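2 protein chains.
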Amino acid sequence: MSLINQFLKSDIKAINVGTDIFSKSMSDQEVETLNIEWTPPRTKNDEMLAALNKLYSEEINEANQIAMNRFFEAEPLLVDVAKAIDVIPNMTPYTILQAGPPIEWDHMCGPMKGAIIGLVLFEGFAKTPEEAIEFVESGKITFAPCHDYGAVGPMAGVISASMYVHVVKNVKHGNMSFCPLTEGSRAKVLRFGAYDEDVIENFRWVHGELAETLHKVLSGSNGIDLRSMISQALHMGDECHNRNKAGSSLFMKELFPLLVRAQLEEDVFMRVLNNLNTNDHYFLSLSMPALKASLDAAHGVKNSTIVTALSRNGVDFGIRVSGCEGNVWFTGPSQFVEGLYLPGFSKEDANLDMGDSAITEAGGVGGFALSGAPAIVQFVGGNSEDCLVITKKMYEITFAENSNFSMPNLDFRGGPSGIDVRKVLETGILPIITTGIAHKNAGVGFIGAGITNAPIECFEKAVLELANRI
Amino acid sequence: MSLINQFLKSDIKAINVGTDIFSKSMSDQEVETLNIEWTPPRTKNDEMLAALNKLYSEEINEANQIAMNRFFEAEPLLVDVAKAIDVIPNMTPYTILQAGPPIEWDHMCGPMKGAIIGLVLFEGFAKTPEEAIEFVESGKITFAPCHDYGAVGPMAGVISASMYVHVVKNVKHGNMSFCPLTEGSRAKVLRFGAYDEDVIENFRWVHGELAETLHKVLSGSNGIDLRSMISQALHMGDECHNRNKAGSSLFMKELFPLLVRAQLEEDVFMRVLNNLNTNDHYFLSLSMPALKASLDAAHGVKNSTIVTALSRNGVDFGIRVSGCEGNVWFTGPSQFVEGLYLPGFSKEDANLDMGDSAITEAGGVGGFALSGAPAIVQFVGGNSEDCLVITKKMYEITFAENSNFSMPNLDFRGGPSGIDVRKVLETGILPIITTGIAHKNAGVGFIGAGITNAPIECFEKAVLELANRI
């Protein structure tokens with residue numbers, strides 16, 4: 046039995062008897078299927094059912110359609126690479142943004158603490174990791190979620206003032222989003238919690254020569270259309286979360302002519318090219334802000350039950366819902382990630398699910414688009430049939446189908462799009478997420494990748510609050 | 046009913062009752078399945094059965110294994126772009142190579158004549174199309190198949206002395222292959238039979254500035270590994286015959302650093318980049334010689350029944366078989382191509398199947414690898430399920446599975462590889478080919494793309510000759 050089947054199997058008791066498609070999918074997978082009655086997993090049964098009932102109305106469907114139209118119409122362009130403090134509103138020299146819902150230093154997981162230690166060293170606030178911890182514990186740093194500042198960051202997701210970020214503008218609605226430059230193709234990286242000298246040296250180069258070159262190249266451009274690039278990549282074996290080989294290649298093809306026109310010195314050109322060209326995951330740091338800018342356009346539609354962010358800080362999983370405007374989070378526990386590990390590591394070493402990168406699933410790609418990305422099983426485990434099963438399952442918890450993001454292996458059906466908190470509770474099917482795995486201790490880094498899901502608690506809380514607001 | 050289903054349906058009467066898998070595939074496709082007894086399509090029934098029986102032996106299986114091992118072990122690298130007369134053995138200033146088996150000028154189809162008129166103008170042997178025809182009819186040009194000179198050319202497949210070709214070396218076995226530079230992303234191109242002034246002007250630039258730049262860049266390189274690129278592209282939605290978007294992107298990523306190091310003038314660099322970057326079919330002119338060099342390594346193994354080339358000149362379809370060493374062709378009629386047309390064109394305008402590009406199917410990609418390239422149906426017609434059905438069908442007529450070219454949507458099963466003439470006759474299943482469609486008249490060009498098959502006659506003749514040689 047494949048890894049994903051194991052994962053699905055552990056999920057069986059949540060099946061609603063009404064969900065024939067899922068039940069059939071399980072049978073097709075030769076997984077023993079239990080057609081049991083649905084028992085709500087929590088004790089708030091009556092309260093939850095009453096809230097759910099209140100949310101099934103024409104008014105709410107209309108609100109959801111408005112939210113989805115705003116998402117579908119969004120046109121996210123990469124317009125610049127710039128220093129965080131120069132472009133992210135309300136950023137200060139002592140702000141550090143982090144992945145997921147709000148969290149205090151004392152409660153952070155190891156890899157997030159490791160990444161913050163690295164940033165304190167990078168910003169020059171301390172000279173050793175010990176000094177960095179003292180500096181943070183003295184209260185000099187203000188922590189806040191990336192999402193609350195219009196940004197998204199993969200894994201620890203940390204952003205400090207001197208870091209450079211991709212600047213994405215949704216030219217349809219005018220809003221901006223931001224995502225840090227990525228550190229190249231290597232396992233020991235700051236965003237996974239590593240902070241040794243080699244990591245910091247590479248980080249300085251990325252946020253130095255590489256960033257300045259990209260700023261020079263992009264700031265004078267007309268912008269690069271990221272939605273079109275996601276559309277194409279989905280027909281080329283990517284799901285745009287953990288498989289980004291096609292998207293990264295397409296991006297490089299767009300960037301080459303701009304690099305040539307910038308008349309760089311040959312050695313600079315070659316260093317930049319070597320970093321970008323060897324990183325098959327580069328495109329994640331573009332798909333994320335593209336979907337953040339698009340989902341932010343869909344956020345704040347009164348009464349809408351559409352999820353506009355899925356995010357985790359390695360301890361808590363948080364979601365944002367369109368109908369609850371502003372920075373309102375509904376949280377539950379971050380989940381364990383079933384996956385494949387680098388040699389020398391095992392699940393004993395794994396941190397829980399972490400990062401803002403689940404913005405991709407909120408945007409209908411990542412785990413939702415696995416059907417078109419069978420080669421991802423080489424990275425996260427499972428087999429190619431699992432990929433079809435999972436995407437088909439996600440249609441049961443989404444409000445719409447996105448013709449911009451069509452599924453080649455499902456005969457170009459529009460991808461499952463717009464997670465509807467009502468449907469998650471009704472079916473008991475949880476959003477599925479592909480993700481990287483960080484070592485649970487600060488200082489180690491990337492150790493594997495796999496598949497997990499969002500916890501039910503987030504959706505329960507959102508349903509109660511939405512019902513309360515009607 | 047989809048276009049591919051129509052195509053498959055017309056094929057039903059050839060089903061052997063023994064082929065359960067194919068029969069099931071048809072039922073899965075909701076195609077009415079006729080389980081009739083197999084009636085050999087020709088009158089040579091007894092002779093053919095006797096010949097087939099003679100070819101089922103351990104000796105022949107061993108010969109086929111040797112041929113396949115040579116194919117699998119081949120390591121084709123792109124090592125240069127050079128002028129045809131400088132690198133293709135036995136080429137003369139008055140030689141014009143053409144696609145497919147041998148053919149005389151008088152019997153050539155319209156687009157092949159158009160391409161030759163274009164080349165006579167390009168070589169400066171004539172100043173007008175009328176003069177070009179006179180020049181050819183005076184007997185000054187020697188025609189020969191590309192294949193007989195170690196070369197392959199898409200569509201008309203023409204190669205003249207001053208054209209530049211991709212030079213591929215199989216570094217494992219030492220043999221070389223050649224394929225013309227491609228003309229960029231445009232419908233009116235010489236290889237599809239167009240020859241107006243604009244076509245010739247573009248052709249001169251391709252075989253001038255572009256070719257010289259690529260020669261400068263590649264001749265000093267260590268070579269570019271094409272087998273690895275095909276492997277990767279097959280996991281990225283390409284089948285490496287009519288979908289080459291991923292392969293072309295991967296090639297650009299390899300080429301770009303070489304272009305930077307060559308210190309080109311900026312305007313030259315930009316013209317070259319613009320041509321290469323906008324051509325999603327570029328990689329076909331690399332997958333073709335890569336597979337030609339690999340299949341030539343497998344050619345000439347005594348008694349082997351493995352097909353080492355499928356090729357068509359627009360009138361005749363020819364195959365080469367490993368057990369018949371040298372330039373021995375087995376021919377049948379070129380087939381009609383079922384497909385999709387550019388606006389303003391229809392099947393009335395279509396030439397029959399043409400080009401050496403079916404070397405890709407002989408090498409186990411193209412139509413054989415459709416399972417991983419669902420997005421190709423947007424170009425050639427059909428639906429995504431057809432793609433799976435066709436690849437599964439091709440396993441029935443191939444000798445081996447190629448782990449280098451694995452099929453992502455079939456859970457990474459090695460691709461169907463090594464067409465066995467015995468199995469084609471035994472099952473009545475014909476090799477399926479994806480292909481471009483040229484207008485039947487000289488001077489027009491590309492009008493569509495679709496799917497066709499090799500004719501049974503080639504395989505019958507090969508079986509008789511192989512049996513004869515034992």
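Going down the list, the sequences are from chains R and H.
Counted the way our numbering counts, the first sequence spans residues 46 to 515.
Counted the way our numbering counts, the second sequence spans residues 46 to 515.
Don't be surprised by glycine CBs; every beta carbon is placed ideally from N, CA and C.
Source: prediction; values computed, not measured.
- Just measuring C-alpha positions, the residue of Ile482(R), Val165(R), Leu255(R) and Met333(R) sitting nearest Met221(R) is Met333(R).
- Distances from the alpha-carbon of Lys261(H) to those of Arg231(H), Tyr139(H) and Ala127(H) put Ala127(H) closest.
- Contact between Ser448(H) and Gly463(H) fails: their C-beta atoms lie close to 13 angstroms from each other, not under 8 angstroms.
- Contacts with chain H at 8 angstroms (Cβ-Cβ) do not include Pro461(R).
- Counting only unbroken stretches of 3 or more residues, no beta strand (DSSP E) element lies wholly within the segment 230-294 of chain R.
- At a cut-off of 8 angstroms between beta-carbon atoms, Asn449(R) makes no contact with chain H.
- Under a criterion of Cβ atoms nearer than 7 angstroms, the residues of chain H adjacent to Val305(R) are, in order, Glu311, Phe314, Met315 and Leu318.
- Thr173(R) has no beta-bridge partner at all, per DSSP.
- Between Thr350(R) and Leu511(R) the beta-carbon gap is near 6 angstroms, inside 8 angstroms, which marks them as a contact.
- Around the Cβ of His152(H), a 10 Å sphere holds fewer than 16 other Cβ atoms; the residue is exposed.
- The segment 387-397 of chain R makes no contact with the segment 431-445 of chain R, as fewer than three CB pairs between them are under 8 angstroms.
- The straight-line gap separating the alpha-carbon atoms of Ala129(R) and Ser416(R) is approximately 36 angstroms.
- Residue contact with chain H for Ala420(R): present (Cβ-Cβ distance below 8 angstroms to some residue of chain H).
- Only Glu430 from the segment 430-444 of chain H bring a Cβ to less than 8 angstroms from some Cβ of chain R.
- Tyr139(H) and Gly169(H) have their C-alpha atoms roughly 11 angstroms apart.
- Excluding residues up to 5 positions away in sequence, Thr323 and Asn324 lie with their Cβ nearer than 6 angstroms to the Cβ of Ser230(H) in the same chain.
- Setting aside the 5 residues that flank it on each side, Ala177(R) is surrounded in the same chain by Ile162, Val165, Leu166 and Ala171, each with a C-beta closer than 6 angstroms to its C-beta; the list follows chain order.
- Contact between the segment 483-494 of chain R and the segment 238-254 of chain R is established, with three or more Cβ pairs separated by less than 8 angstroms.
- In the three-state scheme derived from DSSP, where H, G and I count as helix and E and B as strand, Asn486(H) is classed as coil.
- Val181(H) counts as buried, since no fewer than 16 other beta carbons sit within 10 angstroms of its beta carbon.
- Between the segment 263-279 of chain H and the segment 181-201 of chain H there are fewer than three inter-stretch CB-CB distances shorter than 8 angstroms, so the stretches are not counted as touching.
- Rounded to the nearest whole angstrom, the CA to CA distance from Gly400(R) to Thr479(R) is 11 angstroms.
- DSSP, reduced to helix, strand and coil, places Cys154(H) outside both helices and strands of the structure shown, so it counts as coil.
- In this structure, Ser339(H) is the residue among Glu228(H), Ser339(H), Pro388(H) and Ala494(H) with its C-alpha nearest to the C-alpha of Ala407(H).
- DSSP, reduced to helix, strand and coil, places Tyr209(H) within a strand of the structure shown.
- At a cut-off of 8 angstroms, the C-beta of Ser294(R) has a neighbouring C-beta in chain H.
- His280(H) has a beta carbon lying within less than 8 angstroms of a beta carbon in chain R.
- Non-local beta-carbon contacts of Leu455(H) in its own chain, meaning distances under 6 angstroms to residues more than five positions away in sequence, involve Ser416 in chain order.
- Close CB contacts of Lys347(R) within its chain, under the 7 angstroms cut and outside five residues either way in sequence, are with Ala108 and Gly368 (chain order).
- Under the 8 angstroms criterion on CB atoms, Phe424(R) is classed as non-interfacial with respect to chain H.
- Interface flag for Pro453(R) against chain H is set, since a Cβ pair is found closer than 8 angstroms.
- The Cβ of Lys298(H) sits closer than 8 angstroms to at least one Cβ of chain R.
- Residue state for Glu149(R) is assigned as coil, using DSSP reduced to three classes.
- Ser102(R) counts as exposed, since fewer than 16 other C-beta atoms from the protein chains shown sit within 10 angstroms of its C-beta.
- For Phe328(H), the closest Cβ of chain R is not nearer than 8 angstroms.
- Not flagged as an interface residue toward chain H: Asp270(R), since no C-beta distance is shorter than 8 angstroms.
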